[in-house]
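Q: Reading the sequence shown from the start, the letters are residues 1 to 488 in UniProt numbering. Sending over a structure as structure tokens; questions will come in a sec.
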Amino acid sequence: MDFVTTIYCLILLYGGHLLYCLLIKDRLFEQQHGCEPPPELPTRWPFGLDRIKERWTSNAEGQLLAFLCSVAEHYEPGNSLSQYLLLGPRAFHVLRPENVDAILSTNSKVQKGNPNLLSSHKTIIVLRLWLGARREIFAPLLGNGIFTQEGPAWKHSRYLIGRQFSQIKTRSLEHFREHVDNLIARLPLNVVIDLQPLFSDLTLDITTALVFGKSVYSLKADVNQDSDNKLFAKRFNIAQQGLAKRFRMATFHWLYNPPRFRRACADVHRFVEQYIGSLKIDSSTEPNNNEAYSFIKQIAQETVRKTDIRDQLLNVLLAGRDTTACCLSWMIRFLVLHEHVMCRLRDEISSIMGRSGYPTRDQVRRMAYLDCVIKETLRLYPPVPLNNREAKETTILPTGGGETASSPILVRKRELVVFSQYVNSRKKNIYGPDADIVRPERWETGELDLIGWAYFPFNGGPRQCLGKDFALTQVKYTAVRLLQTFPT
1 MDFVTTIYCL
11 ILLYGGHLLY
21 CLLIKDRLFE
31 QQHGCEPPPE
41 LPTRWPFGLD
51 RIKERWTSNA
61 EGQLLAFLCS
71 VAEHYEPGNS
81 LSQYLLLGPR
91 AFHVLRPENV
101 DAILSTNSKV
111 QKGNPNLLSS
121 HKTIIVLRLW
131 LGARREIFAP
141 LLGNGIFTQE
151 GPAWKHSRYL
161 IGRQFSQIKT
171 RSLEHFREHV
181 DNLIARLPLN
191 VVIDLQPLFS
201 DLTLDITTAL
211 VFGKSVYSLK
221 ADVNQDSDNK
231 LFAKRFNIAQ
241 QGLAKRFRMA
251 TFHWLYNPPR
261 FRRACADVHR
271 FVEQYIGSLK
281 IDSSTEPNNN
291 EAYSFIKQIA
301 QETVRKTDIR
311 DQLLNVLLAG
321 RDTTACCLSW
331 MIRFLVLHEH
341 VMCRLRDEIS
351 SIMGRSGYPT
361 RDQVRRMAYL
371 DCVIKETLRL
381 YPPVPLNNRE
391 AKETTILPTG
401 GGETASSPIL
411 VRKRELVVFS
421 QYVNSRKKNI
431 YGPDADIVRP
441 ERWETGELDL
451 IGWAYFPFNG
461 GPRQCLGKDF
471 ALTQVKYTAV
481 RLLQTFPT
């Protein structure tokens with residue numbers, strides 16, 4: 001045996017030894033915590049290739065969520081379904097609220113079962129699950145911002161951005177007025193029109209005004225919109241669509257990186273950097289009372305790097321745009337299809353507003369049925385319908401294993417945990433036999449206030465959406481103004 005062959009053999013032996021040690025370590029960890037495997041997703045082809053094909057086909061046809069719902073319904077009352085992805089990690093599809101709680105929350109107190117066992121499980125989950133590939137998926141556009149950060153950097157970003165949104169909560173609704181009026185001006189009477197792209201323009205205008213200090217005025221594209229603003233809106237749409245495709249491809253996100261997507265991201269970056277440069281702000285710049293302008297200045301107080309400011313602003317912009325546009329689009333669709341809901345909502349607005357013109361924050365807060373309509377919209381069509389976490393180390397989920405689906409589940413390093421508000425919102429054992437239909441009245445009794453992690457349209461735990469109040473207030477204000485303007 002020559003020297004090279006000996007080296008190869010030693011490398012193979014060492015690699016085999018490491019693999020064996022890892023398997024033994026995982027097995028001991030599994031036994032220590034009483035883990036049992038969840039129901040396996042049955043397959044017909046080797047390596048689960050049939051399931052991979054089914055998943056990719058449904059994704060290409062825009063039916064991925066419907067596919068996940070059908071699988072989840074078939075496997076109730078089990079709560080975690082495992083499937084093998086081609087050349088990728090195993091994924092667990094989480095259905096039970098207890099597991100969603102363990103994934104998203106840092107709360108280690110448990111009300112049911114063995115508190116010592118389950119609380120230790122939750123601590124493990126908090127310490128050992130992370131965002132995984134999300135950074136690489138979103139980095140081309142979002143860079144190093146709050147959505148792609150972990151640890152101390154994320155905590156600092158959350159504190160910084162959260163402070164800005166907490167100040168906005170106390171302001172009037174004037175920052176919505178101009179842009180909603182621009183939307184209404186684009187709506188002709190007695191003509192069928194597609195509102196979805198206009199809602200996207202509306203939320204882009206409002207959020208850029210908040211984040212950049214001036215709006216791109218995409219709703220004025222046919223009037224007097226600046227050419228740079230028009231280009232930014234177009235490129236941002238392309239980049240955003242590209243991120244959505246990369247996220248759906250999960251482990252294989254790197255396969256989607258076409259020149260059109262890269263150019264769009266580069267143009268968006270250039271636009272934001274030029275605007276930051278035009279403000280001539282740095283770490284010594286003091287914020288003023290203008291809420292939009294100070295948003296940038298507060299971030300500039302913490303860093304001198306233009307790219308850091310850019311990344312944080314784009315992270316806020318992406319979140320602020322999609323949440324509201326999605327909710328508005330689905331809510332208006334529901335109102336058009338369900339006349340009794342529309343009539344009741346008009347009556348509530350009329351009784352509270354009277355002869356008032358523009359709604360105030362206090363008036364909007366008093367619209368209880370409007371709250372129910374929005375909750376029902378977010379239940380059936382949440383802005384982030386699908387999410388995941390990756391195991392940073394071997395860890396466990398507290399429930400879902402074994403024949404009774406009550407034992408913990410072992411999640412090995414680099415395996416995925418997938419959770420879906422879209423799927424969970426259609427669980428009939430929580431929302432009743434009519435879980436698939438629109439019924440805002442289900443929220444009036446207060447019973448659903450106790451369902452906890454079965455309803456999480458704005459995520460939850462330490463990563464709960466910071467702009468939740470801003471987004472909901474924007475939806476309410478826009479809905480009220482539309483129903484005022486178009487009373488029939």
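Where a beta carbon is used, it is the ideal one built from N, C-alpha and C, also for glycine.
Which stretch, first to last residue, makes up the beta strand (DSSP E) that contains Phe-47?
A: Careful: Phe-47 lies outside any beta strand (DSSP E) and carries neither H nor E.
Q: Determine, using beta carbons only, whether Ala-264 and Ile-238 come nearer to each other than 8 angstroms.
A: Closer than 8 angstroms, so yes.
Q: Pick out the complete alpha helix (DSSP H) segments inside the region 183-226, 4 residues or longer, and give them in chain order.
A: Complete alpha helix (DSSP H) runs here, min 4: 196-212.
Q: Would you kindly work out how many angstroms separate the C-alpha atoms of Ser-356 and Tyr-275, rounded to a whole number?
A: Cα to Cα, Ser-356 sits roughly 38 angstroms from Tyr-275.
Q: How many angstroms separate the CA atom of Arg-270 from the CA atom of Gln-149?
A: Whole-angstrom Cα-Cα distance: 22 angstroms.
Q: Spatial neighbours of residue 539 within its chain, please: C-beta separation below 6 angstroms, excluding the five flanking residues on both sides.
A: Summary: the structure shown does not reach residue 539, with the chain confined to residues 1 through 488, and so no result is reported for it.
Q: Specify whether the region 312-332 and the region 435-448 touch according to this definition: at least 3 beta carbon pairs, one from each stretch, less than 8 angstroms apart.
A: Cβ pair count under 8 angstroms is below three, so no.
Q: Output the distance between the C-alpha atoms of Glu-415 and Gln-196, rounded to the nearest integer angstrom.
A: Going by the C-alpha atoms only, they are around 36 angstroms apart.
Q: Using three-state DSSP, classify His-121 as helix, strand or coil.
A: Because the pLDDT at His-121 is just 46, under 50, the model does not fix this residue reliably, and the value given afterwards should be weighed accordingly. His-121 falls in the helix class under three-state DSSP.
Q: Are the CB atoms of Gln-474 and Ile-161 nearer to each other than 8 angstroms?
A: Taking 8 angstroms as the Cβ cut-off, Gln-474 and Ile-161 do not qualify as a contacting pair.
Q: Which two residues bound the contiguous beta strand (DSSP E) that contains Glu-390?
A: Residues 387-391.
Q: How far does the alpha helix (DSSP H) with Ala-139 in it extend, from its first residue to its last?
A: Run containing Ala-139: 134-142, per the alpha helix (DSSP H) assignment.
Q: Mind checking Leu-118: buried by the 16 CB within 10 Å criterion, or exposed?
A: Since pLDDT at Leu-118 reaches only 39, below the 50 mark, its modelled position is unreliable, and the value read off the structure follows with that caveat. Result: buried.
Q: How about Val-423 and Ala-91: are their beta carbons less than 8 angstroms apart?
A: No; because the gap between Cβ atoms is not below 8 angstroms, this pair is not in contact.
Q: Taking the beta strand (DSSP E) that Thr-399 belongs to, which residues open and close that run?
A: Taken as a continuous stretch (DSSP letters only), the beta strand (DSSP E) holding Thr-399 covers 395-401.
Q: Let me check understanding here. Comparing Cα to Cα, which of Glu-73, Asp-181, Asn-99, Gln-298 lies closest to Leu-482?
A: That would be Asp-181, whose Cα lies nearest to the Cα of Leu-482.
Q: Can you tell me which of Arg-412, Ile-309, Pro-433 puts its alpha carbon nearest to the alpha carbon of Gly-277?
A: The shortest C-alpha separation from Gly-277 is found at Ile-309.
Q: Which residue or residues does DSSP assign as beta-bridge partners of Pro-457?
A: Per DSSP, Asn-459.
Q: Within the same chain, show all residues whose beta-carbon is closer than 7 angstroms to that of Thr-307, passing over the 5 residues directly before and after it, in chain order.
A: Excluding sequence neighbours, Thr-307 sits near Gly-143.
Q: Helix, strand or coil, according to DSSP, for Glu-444 in the structure here?
A: In the structure shown, Glu-444 sits in coil (DSSP, three-state: anything other than H, G, I, E or B).
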